[in-house]
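The structure appears right after this line, and notes come after that.
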Amino acid sequence: MNKNLILAAVLGVFAAGAHAQSSVTLYGSLDAGLVYANNAGGHSLWAQGSGALSNDYFGLRGSEDLGGGTRAIFTLESGFNLNNGGYKNGDSGFNRQAYVGLQNDQFGTLTLGRQYDSMVDYLSPLAEAGAGFGNNLAGHPFDNDNLAQTYSVKNAVKYASVNYSGFRFGGLYGFSNDANGFSNGRAYSFGASYGNGPLSLAAAYSQANNSGGLGASNSAASGDQNISARLQRSFGAGVSYTYGPAQVGFVWTHSQIDGMQSLSSGGTTLPGLAGLNLHLNNYELNGAYHLTPALAFIGSYTFTDGSVTGTGNGDNAPKWHTVVLGTDYALSKRTDAYVAGVYQHATGNLGYGSDGAAVSNVAAINTLSPSSSNNQIAATVGLRHRF
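All letters in the sequence shown, in the order written, are residues -20 to -1, 1 to 367 by mature numbering (1 follows the signal peptide of the UniProt record, and there is no 0).
Given below as structure tokens:
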């Protein structure tokens, strides 16, 4: 009897010690609601939405204390469709993030695996698409700069610095894993941010060679992009300032998409763009106002100015004007209800027809099938829970 008690006590001490040195956390976000679009592929749409504002995902995050301020860490994260329980985009496994690495209190963090680029890590939090409310519907056309977190980079080695009095920096390199070409399907990015009280600043750069379906299937740049191209390059900067219950921000990004194979929105590929080059400048003004600690009003306006070069005749200078308005009510620290609306107006031409003539541009709110005209309106009401 006494021996059993002593054994139980000893095991309890070891269990407590092991528990104190390591941890595993389950986390995620669930977003479901009703979505209306006045024109999606030429028809009005009423649908139950999954991740209309914030992506649906769950993950495991763990760490083990190795001593001396160093920890072994890992993250396994999967995006999925809340409506049917299936993986996002028909993918499988941990399709958002899957990495392992070392973290040190003095030298920073080094990780290996599938991870997000520096546009997501540093610049996205200052944009409406990444600030926690607008996300998917507020993404810039085709999420051309990845601020709405459409894709992550495979085969990646990433470094992130510690916080130096508000300043952080980091970079990522994704290997092509292609024996026939070191640069065929590789990706790399770097960025930095600074936060001091109410002021936040950030800048980032990202490039992928042979993105989407052009590179090898296991390359760093293959995956869930809306864009397949010989070269996909994005960079930009942003600023945000908070004054009492109000916050205002500005983000600029430039995207260079050369040698396009395809360009899609909501799973629908736009015609007449194969082999062309599309360059885009996104200018976004965003803001939020907390009427009460629980009730917030959010809005943004984005002007996207584009140019298309390549074969064909006629002007090809597509432009998009996107307005997002919404309100969010926190039911608790983890659960909120929201109502949001998006209006997009497109002008100019985008691509060429079989006769070589320019094709009129169309509205294409991020994650929705393109409109059959130059206008598109979407609205959603939903519930979101984070854990």
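Every residue gets a Cβ at the ideal spot worked out from N, C-alpha and C, and that includes glycine.
Quick check: the Cα distance between residue i and residue j, rounded to an integer number of angstroms?
i, j, result
"G(-4)", "S43", "In this prediction, G(-4) scores a pLDDT of 45, lower than 50, which makes its location untrustworthy; no coordinate-derived value is stated."
"W26", "A337", "34 Å"
"A317", "G154", "38 Å"
"A17", "A128", "19 Å"
"G328", "S2", "57 Å"
"A118", "L181", "20 Å"
"Y102", "D335", "43 Å"
"S9", "D36", "5 Å"
"L330", "F277", "34 Å"
"N115", "E264", "13 Å"
"D238", "L271", "45 Å"
"W300", "G49", "49 Å"
"T91", "S208", "27 Å"
"D308", "V319", "7 Å"
"M99", "V339", "31 Å"
"A(-6)", "V4", "Residue placement at A(-6) cannot be trusted, given a pLDDT of 44 that sits under 50; the coordinates are not used to answer."
"G66", "H365", "19 Å"
"N355", "Q324", "6 Å"
Considering just the uninterrupted stretch of the beta strand (DSSP E) at residue i, what are its terminal residues?
i, result
"I345", "From DSSP, I345 is part of no beta strand (DSSP E); its letter is neither H nor E."
"L92", "88 to 95"
"S24", "23 to 30"
"H234", "226 to 245"
"F155", "Run containing F155: none; DSSP gives neither H nor E here."
"F283", "275 to 289"
"A200", "Neither: A200 is in no beta strand (DSSP E) and is coded neither H nor E."
"K134", "133 to 140"
"R41", "37 to 47"
"T55", "50 to 59"
"G362", "355 to 366"
"N18", "2 to 20"
If you count every other CB in all the chains shown that lies within 10 Å of the CB of residue i, and 16 or more means buried, which is it?
i, result
"K313", "exposed"
"Y7", "exposed"
"H23", "exposed"
"V342", "buried"
"L253", "buried"
"Y223", "exposed"
"L275", "exposed"
"A226", "exposed"
"L106", "buried"
"S163", "exposed"
"P121", "buried"
"L363", "exposed"
"residue 384", "With the chain covering -20 to 367 only, the question about residue 384 has no answer from this structure."
"F367", "exposed"
Measure the beta-carbon distance from residue i to residue j and round it to whole angstroms, keeping in mind my assumption that it falls under 8 Å.
i, j, result
"S214", "D125", "4 Å"
"T347", "G246", "6 Å"
"S186", "S169", "4 Å"
"T360", "A32", "4 Å"
"Q86", "S132", "With 8 Å as the limit, Q86 and S132 do not qualify as a contact, their Cβ atoms being about 28 Å apart."
"N190", "G171", "Contact doesn't hold; Cβ gap of about 22 Å is too wide."
Are the CB atoms of residue i and residue j nearer to each other than 9 Å?
i, j, result
"A326", "S352", "no"
"E108", "N206", "no"
"G150", "Y139", "yes"
"T302", "T284", "yes"
"R39", "Q77", "Correcting the residue identity first, residue 39 is Gly in this sequence and not Arg. Contact: yes."
"V80", "G59", "no"
"A136", "A200", "yes"
"L250", "A344", "yes"
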